[in-house]
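Student: Residue numbers (the working numbering): 3 to 83. Got a structure for you, questions after.
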Ligand code: FES
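Have a look at this one:
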């Protein structure tokens with residue numbers, strides 16, 4: 003098993019590598035505050051309203067599968083490839 007001190011994921015076709023980030027940094031805060039992607043809205047911030055919905059893709063047997071997630075309750079470290 004590979005051990006890394008950073009997480010990696012793709013954001014709009016660009017690789018992102020992050021280290022030393024808070025384990026409870028929400029995807030919503032990361033997108034809005036760090037990447038200035040303010041099209042992702044904040045509503046309830048509790049996972050109930052869906053205002054923050056984004057698509058997250060993952061490889062399943064070589065095929066990219068997308069799922070909608072509430073960015074306010076998804077932590078950035080969970081996006082690691
Ligand atoms: S802000 Fe309401 S579900 Fe995320």
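For every residue, glycine included, the Cβ atom is placed at its ideal position computed from N, Cα and C.
Going by beta-carbon coordinates alone, are residue 36 and residue 54 separated by less than 7 Å?
Tutor: Counted from its first residue, the chain shown places residue 36 at position 34. Counted from its first residue, the chain shown places residue 54 at position 52. Contact: no.
Student: For residue 76, which residues from the same chain have a beta carbon less than 6 Å from its beta carbon, with the 5 sequence-adjacent residues on both sides left out?
Tutor: Here residue 76 corresponds to residue number 74 of the chain shown, with the count starting at 1. If we look at residue 76 and ignore the five residues flanking it on each side, its Cβ neighbours are 29.
Student: How many Å lie between residue 4 and residue 10 at the Cα?
Tutor: Position 2 of the chain shown, counting from 1, holds the residue named residue 4. Position 8 of the chain shown, counting from 1, holds the residue named residue 10. Cα-Cα distance, rounded: 13 Å.
Student: Just tell me which of 13, 47, 17 has its CA closest to the CA of residue 39.
Tutor: Your numbering for residue 39 matches position 37 in the chain shown. The residue with the shortest Cα to Cα distance from residue 39 is 13.
Student: On the CB-based measure, 16 or more other CB atoms within 10 Å of its CB, does residue 81 come out buried or exposed?
Tutor: Against the chain shown, residue 81 aligns to sequence position 79. It counts as buried.
Student: If I follow the unbroken beta strand (DSSP E) through residue 68, where does it start and stop?
Tutor: Numbered from 1 along the chain shown, position 66 holds the residue referred to as residue 68. Element bounds for residue 68: 65-72.
Student: Can you give me the Cβ contacts of residue 51 inside the same chain, cut-off strictly under 8 Å, excluding the 5 residues immediately before and after it?
Tutor: Taking the chain shown and counting its residues from 1, the one referred to as residue 51 is at position 49. Here the set comprises 45.
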